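Here the sequence shown stands for residues 1 to 63, numbered as in my numbering.
Have a look at the structure below, then the notes.
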Amino acid sequence: MAFKIVLLVILIFTFSWCYNNLSIEDFTKENITEQIKKEKTINTVQKTREKRYQETQKVLDNI
1 MAFKIVLLVI
11 LIFTFSWCYN
21 NLSIEDFTKE
31 NITEQIKKEK
41 TINTVQKTRE
51 KRYQETQKVL
61 DNI
């Protein structure tokens with residue numbers, strides 16, 4: 001019986017957390033496409049920074 005109560009509490013907690021934190025508007029095609037574009041831009045910027053960092057490390061190592 002206690003297991004059923006604990007399971008019910010966990011289920012209710014999970015449902016209420018999802019209801020408060022997830023919005024159906026977040027899962028539209030436009031929003032998902034926009035999020036993918038942002039992630040690609042962030043990845044490109046990170047790769048560029050890493051490349052610059054490596055180039056400066058090479059220059060500093062040669063000094």
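Where a beta carbon is used, it is the ideal one built from N, C-alpha and C, also for glycine.
For clarity, every value in this text was computed on a predicted model and none was experimentally measured.
As assigned by DSSP and simplified to three states, the class of residue i
i     : result
Ser23 : coil
Residue i - containing alpha helix (DSSP H), residue span
i     : result
Thr33 : 29–62
Straight-line Cα distance separating residue j from residue i
i     : j     : result
Met1  : Asp26 : 38 Å
Val59 : Arg52 : 11 Å
Ile63 : Gln54 : 15 Å
Lys94 : Gln46 : The structure shown does not extend to residue 94, since the chain is modelled only from 1 to 63, so the question has no answer here.
Val9  : Tyr19 : 15 Å
Lys29 : Ser23 : 14 Å
Any C-beta of chain D under 9 Å from that of residue i
i     : result
Ile36 : Checking the listed chains, one finds no chain D in this structure; it contains a single protein chain.
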